[in-house]
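Participant: Going by full-length UniProt numbering, the residue at position 382 of the sequence shown is 382; the numbering climbs one at a time, nothing skipped. Cβ atoms here follow ideal geometry from the backbone N, Cα and C, with glycine treated the same way. This is the structure, below, for whatever I ask next.
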Amino acid sequence: MKKLFSRSNIPEFLQNRRLRGIAIMTAALAILGIVLSFLLNWVFGVIVLVLVGIATLVVFNTMAEIGDDTTQYISDLSFRIQQGEQEALLRMPPGVMILGDSDQVEWVNPYLQNYFGDTDVLSRSINDVDAELAKLINDAEPKTMTTVKWRDNRFTLFVEPDFHAVYLYDITHYQLIQEQYDNEKIAIGQVFLDNYDEVTQSMTDQDISNLRNYVTNELSSWVQQFDMYLKQLDDDHYFVLAYAKSLAAIEADKFKILDTIRETTSKQNFPLTLSIGIAYGDPNLNKLADQAQSNLDLALGRGGDQVVVKAADQEARYYGGKTNPMEKRTRVRARMISQALQELMNESDQIFVQGHTQPDMDSLGACLGIRRIAKMNHKTCWIVLDKETVHSDVQRLLDNLKNYPDIDAAIISPQEALEKTTAQSMLLMVDHSKPSISISADLYHRLENRVMIIDHHRRGEEFPENPLLVYIEPYASSTCELITEMFEYQSQEGEPINKLEATAMLTGIFVDTKHFSLRTGTRTFDAASYLRSAGADSIEMQQYMKENVDSYLQRNHLIEMVEFVNEDMALITGEEDQTYDPVTAAQASDDLLNMSGVDASFVITRRADGRVGISARSLGEINVQLVMEAMGGGGHLSNAATQISDKSVAEVKQQLLDILTHSDEPEPATT
Numbered sequence: 001m002k003k004l005f006s007r008s009n010i011p012e013f014l015q016n017r018r019l020r021g022i023a024i025m026t027a028a029l030a031i032l033g034i035v036l037s038f039l040l041n042w043v044f045g046v047i048v049l050v051l052v053g054i055a056t057l058v059v060f061n062t063m064a065e066i067g068d069d070t071t072q073y074i075s076d077l078s079f080r081i082q083q084g085e086q087e088a089l090l091r092m093p094p095g096v097m098i099l100g101d102s103d104q105v106e107w108v109n110p111y112l113q114n115y116f117g118d119t120d121v122l123s124r125s126i127n128d129v130d131a132e133l134a135k136l137i138n139d140a141e142p143k144t145m146t147t148v149k150w151r152d153n154r155f156t157l158f159v160e161p162d163f164h165a166v167y168l169y170d171i172t173h174y175q176l177i178q179e180q181y182d183n184e185k186i187a188i189g190q191v192f193l194d195n196y197d198e199v200t201q202s203m204t205d206q207d208i209s210n211l212r213n214y215v216t217n218e219l220s221s222w223v224q225q226f227d228m229y230l231k232q233l234d235d236d237h238y239f240v241l242a243y244a245k246s247l248a249a250i251e252a253d254k255f256k257i258l259d260t261i262r263e264t265t266s267k268q269n270f271p272l273t274l275s276i277g278i279a280y281g282d283p284n285l286n287k288l289a290d291q292a293q294s295n296l297d298l299a300l301g302r303g304g305d306q307v308v309v310k311a312a313d314q315e316a317r318y319y320g321g322k323t324n325p326m327e328k329r330t331r332v333r334a335r336m337i338s339q340a341l342q343e344l345m346n347e348s349d350q351i352f353v354q355g356h357t358q359p360d361m362d363s364l365g366a367c368l369g370i371r372r373i374a375k376m377n378h379k380t381c382w383i384v385l386d387k388e389t390v391h392s393d394v395q396r397l398l399d400n401l402k403n404y405p406d407i408d409a410a411i412i413s414p415q416e417a418l419e420k421t422t423a424q425s426m427l428l429m430v431d432h433s434k435p436s437i438s439i440s441a442d443l444y445h446r447l448e449n450r451v452m453i454i455d456h457h458r459r460g461e462e463f464p465e466n467p468l469l470v471y472i473e474p475y476a477s478s479t480c481e482l483i484t485e486m487f488e489y490q491s492q493e494g495e496p497i498n499k500l501e502a503t504a505m506l507t508g509i510f511v512d513t514k515h516f517s518l519r520t521g522t523r524t525f526d527a528a529s530y531l532r533s534a535g536a537d538s539i540e541m542q543q544y545m546k547e548n549v550d551s552y553l554q555r556n557h558l559i560e561m562v563e564f565v566n567e568d569m570a571l572i573t574g575e576e577d578q579t580y581d582p583v584t585a586a587q588a589s590d591d592l593l594n595m596s597g598v599d600a601s602f603v604i605t606r607r608a609d610g611r612v613g614i615s616a617r618s619l620g621e622i623n624v625q626l627v628m629e630a631m632g633g634g635g636h637l638s639n640a641a642t643q644i645s646d647k648s649v650a651e652v653k654q655q656l657l658d659i660l661t662h663s664d665e666p667e668p669a670t671t
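What follows is the structure in structure tokens.
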């Protein structure tokens, strides 16, 4: 009995709980109907019993057929799903490989086998089968999609370590489309002849025409070589249109067109240099053109004879810039800047002037010069200075200012400057153009839309966004030289420059030119002559430049630790646990250049603020600016520096050595 009614003997449709419930309810109603029929009449009851029996058989058979059909459908569906899974695994586009514990190939699907050809891969080490693929698998991040190149194809590689499975999806077709799209992105360039006006002003019309034809022909050959478009906009201005692929090619070529034109024109005694700004990466052509102009301005601000390649919100790439900037400034430009400064001062209620942190004599001398120009125009000018962070030479100057109460009262702290500023105030940044190294960065941000810059350092990537006026001349010896030239064009009604101001400014020129031995031109001596005639005292200059005994001993201690790199480069590395004054480090770097055979010097020391500083100097044959820019700093071709945070002295030294000894080490500069 138990066997008769076992689960296996019950029809499958009754094994469904819902159907069983319906069947039980139907049976209960049928029995109830039969009982009632017999109670009414036994003949009627027999008839109902027979009918119910027949109906039960019919329903039972129908439900059994439905159950059989359902079971058959589910079985067929399951079979088709399993068959589809197997077919997909064997024939689907992604290649599948199963590896054993010892990296032997246990199974590959036919799709992936096609890439191995007739090579038998099963039961062999993947490294023996294909060493290139084995390395890609070992280097891949587990459970992360990685794009790789294998056998001249591009694949998306996915490694599943839990199942020892490797998945490869061929994306060569899509990758080629992406590469074509990337290669055909537009880049816009501006080409400018730096000193065209200066070179041609003394030439005959025929020589000018020959020069112009030569430059145009060279540029035309250059753009044809790299499949670019060139359009001349003016005698000294060209427009370049290129694809990203062409831009990559000319970057790999290091923009040799700069050297070609410079060297050829130099041999003909009219040296001409180019500056180029190139922008890329933005689909908006208007923004791209603006960025190209900005890049050209950056190249010119760094002294010209170089290329700046930059996309918006990305770091700039520099090429060239290996020659000493030529003296391109004219007195006309100095007069225009001086008059523009006078107009800006008249539009302002008060003037604030500040130099860089750790100010030197050029920085403070420039501040004193700007204050005097403001007084000549009957304007109030405040010199912003943190007296707690000045060096001994600057401190001696500040001590002497007590004999000049009006000047001494004009020197205020950064906090006082913030309290005095108004919406109509103007800020002059002298001897620097990086807001991050200003004495008061807060003051800059308060007046960032009313800023003027006067500087002689090459312009860096960090630069104020909306300056009112920019006067950057990288070839000038010092900022004091630039400001001295402005006095000639100021109102003569005001009180002229006094003895102390003239002495401070001449000291700034004297220090920055290393006693008139570096970066000097005819304009430098003209400025020095003017300051001397204005009362600059050479004896007092010597007093400012004296150093105390501690600094003298520290400098000599540093020089004792000199070592040599590449025979012509001297390197000093200070102790990790000792701090050095930046001025002392700079003086040690200067002294190294007096050694026979030394063309460049580098001094690495720990500063009082915890950062590691490098002072770099050269005689002009090696461009130390490029070295310092590679380490986040900047400066001149022969005078540069950087400060690095969160690194030890030893780490900074190794970073510097890597740059100096790299195969692409700085090329010698042409003077």
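Going straight from the alpha carbon of Leu571 to that of Ala630, what length do you get?
Facilitator: Counting from one through the sequence shown, the residue named residue 571 turns up at place 571. Counting from one through the sequence shown, the residue named residue 630 turns up at place 630. Going from the Cα of Leu571 to the Cα of Ala630 covers about 17 Å.
Participant: Note the first and the last residue of the continuous beta strand (DSSP E) segment covering Phe352.
Facilitator: Numbered from 1 along the sequence shown, position 352 holds the residue referred to as residue 352. Looking at the DSSP string, the run of the beta strand (DSSP E) that includes Phe352 is 351-354.
Participant: Would you kindly work out how many angstroms separate the C-alpha atoms of Thr479 and Gln542, rounded to a whole number?
Facilitator: Counting from one through the sequence shown, the residue named residue 479 turns up at place 479. Counting from one through the sequence shown, the residue named residue 542 turns up at place 542. Spanning the two alpha carbons is a distance of roughly 20 Å.
Participant: Would you mind working out which of Tyr544, Lys514, Gln654 sits nearest Arg617, comparing C-alpha positions?
Facilitator: Within the sequence shown, residue 617 is the residue found at index 617, counting from 1. Checked all of Tyr544, Lys514, Gln654; the closest Cα to Arg617 is Lys514.
Participant: Can you grab the Cα-Cα spacing for the pair Asn166 / Thr119, in whole Å?
Facilitator: Numbered from 1 along the sequence shown, position 166 holds the residue referred to as residue 166. Numbered from 1 along the sequence shown, position 119 holds the residue referred to as residue 119. The sequence shown places Val at residue 166, not Asn. Rounded to whole angstroms, Val166 to Thr119 spans 18 Å at the Cα level.
Participant: Which term fits residue 698, buried or exposed, when burial requires 16 or more other beta carbons within 10 angstroms of its beta carbon?
Facilitator: The question about residue 698 has no answer, for the chain in this structure spans 1 to 671.
Participant: Would you kindly work out how many angstroms separate the C-alpha atoms of Lys3 and Pro93, rounded to a whole number?
Facilitator: Residue numbering aside, residue 3 sits at position 3 when the sequence shown is read from its first letter. Residue numbering aside, residue 93 sits at position 93 when the sequence shown is read from its first letter. Because the pLDDT of Lys3 is 41, which lies under 50, any placement of that residue in the model is unreliable, and the question is left without a value.
Participant: List in chain order: all unbroken beta strand (DSSP E) runs of 3+ residues lying wholly within the stretch 139-168.
Facilitator: Listed in chain order, the complete beta strand (DSSP E) runs (minimum 3 residues) inside the stretch 139-168 are 146-150, 153-160.
Participant: Less than 8 Å between C-beta atoms, sequence neighbours within five positions excluded: which residues of the same chain meet that for Leu298?
Facilitator: Along the sequence shown, one-based indexing puts residue 298 at 298. For Leu298, where only same-chain residues beyond five positions count, the Cβ hits under 8 Å are Gly277, Val308, Lys310, Ala316, Arg459, Glu461, Phe463.
Participant: Here's the rule: buried if 16 or more other CB atoms are within 10 angstroms of the residue's CB, otherwise exposed. What is Phe163?
Facilitator: Taking the sequence shown and counting its residues from 1, the one referred to as residue 163 is at position 163. Exposed is the call here.
Participant: Using only the alpha-carbon positions, how far apart do Phe5 and Ala30 sit?
Facilitator: Translated into positions along the sequence shown, residue 5 becomes position 5. Translated into positions along the sequence shown, residue 30 becomes position 30. Note on Phe5: pLDDT 38, under 50, position unreliable in the model; the coordinate value appears next. Between Phe5 and Ala30, the C-alpha separation is close to 21 Å.
Participant: Kindly indicate the opening and closing residues of the beta strand (DSSP E) around Tyr318.
Facilitator: What you label residue 318 is simply residue 318 of the sequence shown in a count that begins at 1. Run containing Tyr318: 317-320, per the beta strand (DSSP E) assignment.
Participant: At which residue ranges does the stretch 249-277 contain complete alpha helix (DSSP H) runs of 4 or more residues, listed in the order of the chain?
Facilitator: DSSP runs (the alpha helix (DSSP H)) wholly in the stretch 249-277: 257-267.
Participant: Taking only three categories from DSSP, how would you classify Gln643?
Facilitator: Working through the sequence shown from its first residue, we reach residue 643 at position 643. In this structure, Gln643 counts as strand in the three-state DSSP scheme.
Participant: Hey, quick one: how far does the alpha helix (DSSP H) through Asp406 stretch, first residue to last?
Facilitator: Numbered from 1 along the sequence shown, position 406 holds the residue referred to as residue 406. 405-410 is the extent of the alpha helix (DSSP H) around Asp406.
Participant: Between Glu218 and chain D, is any beta-carbon pair separated by less than 7 Å?
Facilitator: The structure shown contains no chain D; it is built from a single protein chain.
Participant: If Ser433 sits next to Asp408, beta carbons under 8 Å apart, how far is it from one beta carbon to the other, in whole angstroms?
Facilitator: Taking the first residue of the sequence shown as position 1, residue 433 is located at position 433. Taking the first residue of the sequence shown as position 1, residue 408 is located at position 408. Contact flag wrong, Cβ pair sits at about 28 Å.
Participant: For Leu447 versus Ser413, is the C-beta distance shorter than 7 Å?
Facilitator: Start at 1 with the first residue of the sequence shown, and residue 447 comes out as number 447. Start at 1 with the first residue of the sequence shown, and residue 413 comes out as number 413. Against a cut-off of 7 Å, the Cβ pair of Ser413 and Leu447 comes out as no contact.
Participant: Who are the Cβ neighbours of Gly301 in its own chain at under 6 Å, not counting the five residues just before and after it?
Facilitator: Position 301 of the sequence shown, counted from the first residue, corresponds to residue 301. Excluding residues within five positions, the ones whose Cβ falls inside 6 Å are Arg459, Ile472.
Participant: Quick check: what's the CA-CA separation for Arg262 versus Gln395?
Facilitator: One-based indexing of the sequence shown puts residue 262 at position 262. One-based indexing of the sequence shown puts residue 395 at position 395. If I take the Cα positions, the gap works out to 45 Å.
Participant: In whole angstroms, give me the CA-to-CA distance for Glu488 and Gly521.
Facilitator: Looking up residue 488 in the sequence shown gives position 488. Looking up residue 521 in the sequence shown gives position 521. One C-alpha to the other measures close to 19 Å.
Participant: For the stretch 192-208 against the stretch 265-280, are there 3 or more C-beta pairs whose distance is under 8 Å?
Facilitator: Output reads yes: the stretch 265-280 touches the stretch 192-208.
Participant: In the DSSP assignment, what are the bridge partners of Leu51?
Facilitator: Position 51 of the sequence shown, counting from 1, holds the residue named residue 51. DSSP lists no partner for Leu51.
Participant: What is the rounded straight-line gap between the Cα of Tyr530 and the Cα of Ile208?
Facilitator: Start at 1 with the first residue of the sequence shown, and residue 530 comes out as number 530. Start at 1 with the first residue of the sequence shown, and residue 208 comes out as number 208. Straight-line Cα distance between these residues: approximately 36 Å.
Participant: Quick one: Cα of Asp386 to Cα of Lys499, how far?
Facilitator: For the purposes of this step, residue 386 is identified with residue 386 of the sequence shown, where counting begins at 1. For the purposes of this step, residue 499 is identified with residue 499 of the sequence shown, where counting begins at 1. Whole-angstrom Cα-Cα distance: 24 Å.
Participant: Among all the DSSP beta bridges, which residues are the ones paired with Leu469?
Facilitator: Numbered from its first residue, the sequence shown carries residue 469 at position 469. Answer is Met452.
Participant: Residues in the same chain with beta-carbon distance under 7 Å from Leu518, minus the five sequence neighbours each way, listed in chain order, please.
Facilitator: For the purposes of this step, residue 518 is taken as residue 518 along the sequence shown, with counting starting at 1. For Leu518, where only same-chain residues beyond five positions count, the Cβ hits under 7 Å are Ser638.
Participant: Residue range of the beta strand (DSSP E) that Thr422 falls in?
Facilitator: Within the sequence shown, residue 422 is the residue found at index 422, counting from 1. From DSSP, Thr422 is part of no beta strand (DSSP E); its letter is neither H nor E.
Participant: Which same chain residues end up closer than 7 Å to Arg611 when comparing Cβ atoms and leaving out the 5 residues on each side of it in sequence?
Facilitator: Residue mapping note: residue 611 aligns to position 611 of the sequence shown, counting from 1. Result list for Arg611: Gln643, Ile644, Ser645, in chain order.
Participant: May I ask which residues mark the beginning and end of the beta strand (DSSP E) holding His636?
Facilitator: Translated into the one-based positions of the sequence shown, residue 636 becomes position 636. Where His636 is concerned, there is no enclosing beta strand (DSSP E), given that its DSSP letter is neither H nor E.
Participant: Could you spell out where the beta strand (DSSP E) holding Gln587 opens and where it closes?
Facilitator: Mapped onto the sequence shown, residue 587 falls at position 587. Note, Gln587: premise wrong, no beta strand (DSSP E); alpha helix (DSSP H) at 582-592.
Participant: Whose C-beta lies closer than 7 Å to the C-beta of Gln339 among residues of the same chain, with five residues either side of it excluded?
Facilitator: On the sequence shown, residue 339 is found 339 positions in, with the first residue counted as 1. Only Tyr489 meet the Cβ criterion.
Participant: Glu132: which of Leu401, Glu160, Gln578, Asp152 sits nearest, CA to CA?
Facilitator: Your numbering for residue 132 matches position 132 in the sequence shown. For Glu132, the nearest C-alpha among the options comes from Asp152.
Participant: Using the beta-carbon count (16 or more within 10 Å), is His356 buried or exposed?
Facilitator: Within the sequence shown, numbered from 1, the residue matching residue 356 stands at position 356. His356 comes out buried.
Participant: For Trp42, count neighbouring C-beta atoms within 10 Å of its own C-beta (all shown protein chains included) and say buried if the count is 16 or more, exposed if not.
Facilitator: Indexing the sequence shown from 1 puts residue 42 at position 42. Answer is exposed; the Cβ neighbour count stays below 16.
Participant: Which one of Gly33, Asp526, Leu51, Glu160 has the shortest CA to CA distance from Met486?
Facilitator: Residue 486 sits at position 486 when you count from the first residue of the sequence shown. Closest by alpha carbon: Asp526.
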